[in-house]
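Visitor: Numbering (numbering that gives the first Met the number 0), first residue to last: 0 to 327.
Don't be surprised by glycine CBs; every beta carbon is placed ideally from N, CA and C.
For clarity, every value in this text was computed on a predicted model and none was experimentally measured.
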Amino acid sequence: MEFLLSLLQSILQTALNPVTAAFVLAAIGLNVHFGFTGLMNMGQAGFMLIGGYGFVISVMNGLGVFPAIIISMLSSALFALLLGIPTLKLRGDYLAIVTIGAAEIVRMVARLANLSPITGGPSGIQSPNFRVELNALSPLPEGRTSFLGMNYMNTGVDDWWSRIIAWGLVALFLLITWLLMRSPWGRVLKGIREDEDAVRSLGKSTFSYKMQALMIGGVMGGFGGIIMVLPSAINPDGMGRATTFNLWMIMLLGGAATILGPLLGSILFFVVRLVISAVATEFVPSSILDAQQTEIVSWILIGSMLMLLVIFRPQGILGNKKELSFNV
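1) Taking only three categories from DSSP, how would you classify Val327?
2) Starting from the C-beta of Ser265, find all residues in its chain whose C-beta is less than 7 Å away, skip the five residues before and the five after it, and write them out in chain order.
3) Report the option in Ile215, Ile310, Ser207 whose CA atom is closest to the CA atom of Thr176.
4) I'd like to know whether the C-beta atoms of Ile99 and Met41 end up nearer to each other than 8 Å.
5) What three-state label does DSSP hand Ser145 in the structure shown?
6) Run through DSSP, which three-state label would Asp345 get?
7) Quick one: what's got a C-beta closer than 6 Å to Leu38's C-beta in the same chain, skipping five residues either side?
8) Closest to Gly148 by CA distance: which of Leu6, Ile301, Lys320 is it?
9) So within the stretch 96-140, which uninterrupted alpha helix (DSSP H) runs reach at least 4 residues, ignoring any that extend past its ends?
10) Do you know offhand how far Leu308's Cα is from Arg90's?
11) Verify whether the separation of the beta carbon atoms of Gly253 and Gly315 is less than 8 Å.
12) For the 8 Å Cβ check, are there 3 or more pairs between the stretch 257-274 and the stretch 125-137?
13) Are the CB atoms of Gly224 and Gly28 nearer to each other than 8 Å?
14) Would you report the Cα separation of Asp157 and Ile226, rounded to the nearest angstrom?
15) Please state whether DSSP places Ile233 in a helix, a strand or coil.
Right under this line is the structure:
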């Protein structure tokens with residue numbers, strides 16, 4: 000019973016973690032790209048890096064939080080523009096190859112030792128160097144607060160203020176996505192996903208719409224990068240290929256082309272990993288599985304579950320099979 004209560008509390012803590020919210024934000028952007036527009040973007044981690052570094056570097060150079068957020072948004076949008084102009088005429092796996100290559104270029108540039116004074120190089124930049132401005136905006140009183148068995152500082156590093164910001168942004172972007180996809184603009188995006196030639200025959204500039212979708216989803220990914228770095232640090236290798244693949248897993252798990260799919264997928268992704276690790280640690284002797292092996296087993300089981308999901312329910316948990324028509 001004690002183990003179960005401890006597990007439930009850990010699940011709640013994981014579900015409300017800012018990192019979970021960061022993946023929700025980035026997955027919402029990826030859902031705009033792939034789920035609603037049909038763009039095979041395999042480089043969403045690049046947008047997270049651009050957005051995160053845009054915010055961190057701006058704050059560390061004396062700009063306030065809100066100007067830094069604007070610069071982060073502009074940086075993500077500019078990256079989408081530079082990436083989209085030569086590549087959005089590509090389809091399917093060709094676009095996927097180009098976008099994953101672009102994200103890797105961003106990561107490797109950020110790792111350059113020559114740029115260490117700006118990006119921190121391979122070691123990145125620690126959060127105390129850029130959190131001061133954000134903490135100063137907190138309206139919460141000093142001290143700690145307990146809620147549903149969770150006890151955190153009101154304002155600090157692992158705090159309630161970060162969680163309020165993170166999940167407030169999640170709610171905002173879910174609302175924005177819902178409104179956009181109910182609009183005529185959103186219906187054009189779905190038309191491009193299903194039959195781009197038919198939309199073009201109606202006089203619509205499909206290139207323009209895809210560029211807009213790439214920029215909007217990229218800015219959402221940039222916000223995911225900002226939230227990702229708040230708890231500890233920004234590190235180039237912390238948002239690499241594995242991050243993009245995890246985002247795809249989250250989106251497919253929750254359901255592509257759904258509003259709440261990224262939210263459900265992200266929470267389940269982190270919670271399932273936690274449950275598998277906790278159960279294995281509690282009931283499997285360390286002589287059979289140590290901590291490192293347990294982590295590996297959890298990834299194997301998650302991968303297996305994703306394979307079964309794609310085979311037997313390709314639309315995801317919340318998805319609709321009618322939304323799985325892609326013009327690629």
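Guide: According to the structure shown:
1) Taking the first residue of the sequence shown as 1, we reach residue 327 at position 328. For Val327, the pLDDT reaches just 48, beneath the cut-off of 50, and the residue's location in the model is therefore unreliable, although a value from the coordinates is still provided. Correct three-state label for Val327: coil.
2) For the purposes of this step, residue 265 is identified with residue 266 of the sequence shown, where counting begins at 1. For Ser265, where only same-chain residues beyond five positions count, the Cβ hits under 7 Å are Thr19, Phe22, Val23, Ala26, Ile249.
3) In the sequence shown, residue 176 corresponds to position 177, counting from 1. If we check each option's Cα against that of Thr176, Ile215 comes out closest.
4) Looking up residue 99 in the sequence shown gives position 100. Looking up residue 41 in the sequence shown gives position 42. Going by C-beta atoms, Ile99 is nearer than 8 Å to Met41.
5) Position 146 of the sequence shown, counted from the start, is the residue given in the question as residue 145. Of the three classes helix, strand and coil, the one that applies to Ser145 here is strand, per DSSP.
6) Residue 345 is absent from the structure shown; the chain starts at 0 and stops at 327.
7) Residue 38 sits at position 39 when you count from the first residue of the sequence shown. Once the five neighbours on either side are set aside, the close Cβ partners of Leu38 are His32.
8) Within the sequence shown, residue 148 is the residue found at index 149, counting from 1. Considering only alpha carbons, the answer is Leu6.
9) 115-118, 131-135
10) Position 309 of the sequence shown, counting from 1, holds the residue named residue 308. Position 91 of the sequence shown, counting from 1, holds the residue named residue 90. Our two residues, Leu308 and Arg90, have alpha carbons roughly 25 Å apart in a direct line.
11) The count along the sequence shown starts at 1 and reaches residue 253 at position 254. The count along the sequence shown starts at 1 and reaches residue 315 at position 316. Yes; because the gap between Cβ atoms is below 8 Å, this pair is in contact.
12) no
13) The sequence position of residue 224 within the sequence shown is 225, counting from 1. The sequence position of residue 28 within the sequence shown is 29, counting from 1. For Gly224 and Gly28, no; Cβs fall outside 8 Å.
14) Stepping through the sequence shown from its first residue, residue 157 is reached at position 158. Stepping through the sequence shown from its first residue, residue 226 is reached at position 227. Answer to the nearest angstrom: the Cα atoms are 12 Å apart.
15) Residue mapping note: residue 233 aligns to position 234 of the sequence shown, counting from 1. If DSSP states are grouped into helix, strand and coil, Ile233 belongs with the strands.
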